[in-house]
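*Asks:* For the sequence shown, counting from 1, position 9 maps to 29 in our numbering; every step adds exactly one. Idealized CB from N, CA, C, for every residue including glycine. Just so it is clear, the structure is predicted and the values come from calculations on it, not from any experiment.
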Amino acid sequence: SGESGAGKTESTKLLLQHIMNLCKGNSQLEQQILQVNPLLEAFGNAQTVMNDNSSRFGKYIQLRFQENTVQGAKLSEYLLEKSRVVQQDSGERNFHIFYYMFAGLSSEQKDMYGLLDPSLYRYISGRFGTQDVALRWKHKYQEVCNALDMVGFQEQEQVDMQAILAGVLSLGNVTFEPEESNGSVKVSEASRGWLKAAAVSQKSGQKPYRYGAGSLCPSVSCCCPLCADARDSIAKVAYGRVFGWIVCKINELLAENVDPEVELREIGILDIFGFENFAVNRFEQLCINLANEQLQHFFNHHIFQMEQAAYKEEGLPWETITFNNNEPILNLLLAKPLGLLSLLDEQSAFPQATDRTFVDKLNSSFKGNLHFQPCRGCVLGFSIIHYAGKVQYTAGGFLEKNRDTLPATVRGLFINSITPLLSLLLQDIACRALAAVWPAGLLIFLCPHQHSLKVLMERMYSANPHFVRCIKPNSQKEPGVVDSQVVLLQLRYNGLLETIRIRRDGFSWRPSFEEFAER
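1. Can the beta-carbon of Phe148 be found closer than 9 Å to that of Tyr119?
2. Between which two residues does the alpha helix (DSSP H) holding His391 run?
3. Among Gln510, Ser437, Arg423, which residue has its Cα nearest to the Cα of Thr429?
4. Is the segment 81-95 touching the segment 125-136, taking contact as three or more C-beta pairs under 8 Å?
5. Give the straight-line distance between the Cα atoms of Arg539 and Leu310, rounded to the nearest whole angstrom.
6. Any contact between the segment 383-392 and the segment 211-220? By contact I mean 3 or more CB pairs, one from each, below 8 Å.
7. Report back the beta-carbon spacing between Phe115 and Gly146 to the nearest angstrom; my notes put them in contact at under 8 Å.
8. Closest to Val257 by C-alpha separation, out of Cys398, Glu339, Ser103, would be which residue?
9. Distance, Cα to Cα, Leu34 vs Met40?
10. Just to confirm the assignment, what range does the alpha helix (DSSP H) spanning Asp11 have?
11. Determine which residues share a DSSP beta bridge with Lys410 and list them.
12. Is Asp291 helix, strand or coil when you go by DSSP?
13. Taking the beta carbon of Asn320 as the centre, do at least 16 other beta carbons fall within 10 Å, making it buried, or is it exposed?
14. Since Ala93 is in the beta strand (DSSP E), which residue starts that stretch and which ends it?
15. Name the residue from Gln108, Lys160, Ile289, Ser528 whose alpha carbon lies nearest to the alpha carbon of Phe122.
16. Going by the DSSP bridge assignment, what does Ala66 pair with across the sheet?
17. Verify whether the separation of the beta carbon atoms of Leu382 and Phe392 is less than 9 Å.
18. Using only alpha-carbon positions, find the residue among Ile117, Leu99, Glu281, Glu304 that is nearest to Ala156.
19. How would you call Gln174, buried or exposed, if buried means at least 16 neighbouring beta carbons within 10 angstroms?
20. For Glu559, which of helix, strand or coil comes out of DSSP?
21. With respect to the beta strand (DSSP E) encompassing Lys206, which residues constitute its N-terminal and C-terminal limits?
22. Near Leu273, what residues of its chain come up, given a Cβ to Cβ distance below 6 Å and the 5 sequence neighbours on each side ignored?
23. Exposed or buried, Asn166, counting other C-beta atoms within 10 Å across all chains shown (16 or more means buried)?
24. Taking the CB atoms as reference points, tell me whether Thr32 and Asn57 lie closer together than 9 Å.
25. Would you report the Cα separation of Pro531 and Glu327, rounded to the nearest angstrom?
26. From which residue to which residue does the alpha helix (DSSP H) around Phe303 run?
27. Please state whether DSSP places Pro138 in a helix, a strand or coil.
28. Taking the straight line between their C-alpha atoms, what separation do you get for Asn312 and Leu433?
29. With distance defined between alpha-carbon atoms, name the residue in Val90, Cys398, Lys28, Leu42 nearest to Gln48.
30. Rounding to the nearest angstrom, what Cα-Cα distance links Phe324 and Trp338 in this structure?
31. Going along the chain, which residues of its own chain have a beta-carbon closer than 6 Å to the beta-carbon of Glu518, five neighbours each way excluded?
32. Measure the alpha-carbon distance for Ser495 versus Asn301 and round it to whole angstroms.
33. Measure how close the beta-carbons of Ile491 and Ala186 come, nearest whole angstrom, since I'm counting them as under 8 Å.
34. Which of the three DSSP states, helix, strand or coil, is assigned to Pro459?
35. Going by the DSSP bridge assignment, what does Glu177 pair with across the sheet?
36. Measuring CA to CA, which of Ala369, Phe263, Gln305 is closest to Leu60?
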């Protein structure tokens with residue numbers, strides 16, 4: 021754990037390499053496990069203002085052993101930041117894979133996928149990189165292709181996947197305009213070419229023409245912003261399903277092939293998004309910071325409550341060490357029926373509710389709560405006093421992101437697509453297959469997220485945990501520079517100063533009696 025940019029993902033990769041080396045094997049399975057990381061980073065990481073290679077999802081890697089040999093592995097992913105596909109703030113980028121494709125695909129391949137100059141695409145903000153950066157991305161694209169081959173993706177699957185990603189980019193350039201004759205909305209004349217590039221071809225037996233995003237609003241009385249929201253929903257769902265499918269394929273390949281009666285030992289590594297506090301914090305930051313609150317509570321429970329109970333049980337002379345208990349913050353967020361997330365679900369169920377009515381509900385419900393502050397003036401938002409500090413959240417988009425719906429007509433188009441992968445990703449059977457690894461569900465974003473985190477925390481409480489605290493040395497993303505104030509702040513809010521005191525006073529090396537006697 022640690023802040024965004026503190027080195028969690030890099031530490032995870034080093035730890036995986038170290039464990040594989042300790043196995044003293046060089047099996048294909050071990051190499052495949054190591055190849056999973058560059059693949060996940062390409063599709064799940066992005067540049068943010070805090071970190072040039074920020075994980076925009078959480079992952080839990082389970083390594084299964086029999087007599088010190090890796091027999092299999094399983095990957096679980098949590099809360100992919102799908103909104104990044106359609107919107108990035110200043111100084112940030114979309115997921116790496118889009119830039120890698122532009123830098124790594126040949127001219128012929130770009131023609132095949134209908135890709136033009138990267139500066140034209142709204143979903144990557146019309147920004148590309150310098151020549152040096154593009155060269156680095158080209159190498160990264162080759163790494164991704166090698167990883168896809170190594171992990172076991174078929175050539176046609178790789179083609180279909182990149183066709184979907186190219187279609188997502190083209191879809192972002194589709195705009196809408198009013199139909200003057202009947203007051204409905206149509207695809208603008210200027211973006212007809214983009215619609216054609218993003219179109220979904222139907223199977224034979226269906227209507228013999230190409231459906232595209234424009235079929236969302238061919239003759240309905242609705243407004244352009246609603247059509248734009250539907251367009252963005254398609255892009256987010258398509259990308260999220262591709263990511264879930266990649267994880268599913270990885271798990272199929274890495275699954276252990278042993279007798280079910282054989283008992284396997286397990287090491288799990290949790291690499292989850294760090295605490296975030298940007299200039300603008302949205303729904304995604306609230307979910308990320310909630311996950312960090314839960315992990316901090318787990319740390320507190322294990323280090324402070326369980327440790328001190330053990331010291332008292334063993335009769336050590338002991339003065340109780342107080343610690344910053346974040347349980348009141350978790351109650352504010354998770355309590356039922358009046359916690360923040362319960363109120364959000366309640367508001368999301370009302371068709372007439374808005375982000376304003378949601379904020380008004382929070383202000384009245386949490387008046388006087390020490391960990392909640394309403395925003396002053398005309399700002400539509402609120403602040404939470406987290407264990408790591410105060411974060412102000414912009415409430416715009418909270419209800420829409422929590423609902424995260426996909427129009428049924430669009431889902432039908434996907435299922436009937438002639439692209440096998442696109443059809444697979446939206447079928448109910450695929451939904452069930454992906455449910456284990458893609459907690460964000462089809463219709464509701466937050467409830468399954470809470471459930472997946474609950475399952476994760478139950479797993480953590482049943483294990484014997486080791487905590488790896490990653491400390492960010494400075495806020496400028498500079499190597500070799502230590503800002504002592506930045507470091508001290510992290511040591512304080514993580515409870516590490518109290519942890520050091522507990523470990524020092526409570527005998528940090530604890531052999532069993534057998535180990536001691538043998539030595």
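*Replies:* The relevant details are as follows:
1. Result yes, Cβ atoms of Phe148 and Tyr119 sit closer than 9 Å.
2. His391 -> no alpha helix (DSSP H), and no H or E assigned at all.
3. Ranking the options by Cα distance to Thr429, first place goes to Ser437.
4. The segment 81-95 vs the segment 125-136: no contact.
5. Going from the Cα of Arg539 to the Cα of Leu310 covers about 45 Å.
6. Taking one beta carbon from each stretch, the segment 383-392 and the segment 211-220 have fewer than 3 pairs nearer than 8 Å; the two do not touch.
7. Not quite, the Cβ-Cβ distance comes to about 16 Å (not below 8 Å), so this is no contact.
8. For Val257, the nearest C-alpha among the options comes from Ser103.
9. So the two alpha carbons sit approximately 10 Å from each other.
10. Because the chain spans 21 through 539 in this model, residue 11 falls outside it and cannot be assessed.
11. In DSSP, Lys410 forms a bridge with Ile405.
12. Shown here, Asp291 sits in a strand according to DSSP, grouped into three states.
13. In summary, Asn320 is buried, with 16 or more beta-carbon neighbours lying within 10 Å of its beta-carbon over all protein chains present.
14. First-last of the beta strand (DSSP E) with Ala93: 89-98.
15. Ranking the options by Cα distance to Phe122, first place goes to Lys160.
16. Paired residues: Ser74, Phe115.
17. Yes, the pair counts as a contact, with Cβ atoms nearer than the cut-off.
18. The residue you asked about is not Ala; residue 156 is Arg in the sequence shown. It is Ile117.
19. Burial call: exposed.
20. Within the shown structure, residues of the chain are numbered from 21 to 539, placing residue 559 beyond reach of any answer.
21. Note, Lys206: beta strand (DSSP E), 205-207.
22. Val171, Gly172.
23. With fewer than 16 Cβ atoms within 10 Å of its Cβ, Asn166 is classed as exposed.
24. Contact: yes.
25. Spanning the two alpha carbons is a distance of roughly 16 Å.
26. Here the alpha helix (DSSP H) through Phe303 covers 303-320.
27. In the structure shown, the three-state DSSP call for Pro138 is helix.
28. Approximately 38 Å, taken between the alpha carbons.
29. Among Val90, Cys398, Lys28, Leu42, the Cα nearest to that of Gln48 is on Val90.
30. Taken atom to atom, the span from the alpha-carbon of Phe324 to that of Trp338 is near 13 Å.
31. Cβ within range, chain order: Ile341, Phe343.
32. Each residue's alpha carbon lies about 17 Å from the other.
33. Taking 8 Å as the upper bound for CB-CB distance, Ile491 and Ala186 are not in contact here, some 40 Å apart.
34. With a pLDDT of 35 at Pro459, under the threshold of 50, the predicted position of this residue should be treated as unreliable, and no value is reported.
35. Its beta-bridge partners do not exist; DSSP assigns none.
36. Out of Ala369, Phe263, Gln305, Phe263 has the C-alpha closest to the C-alpha of Leu60.
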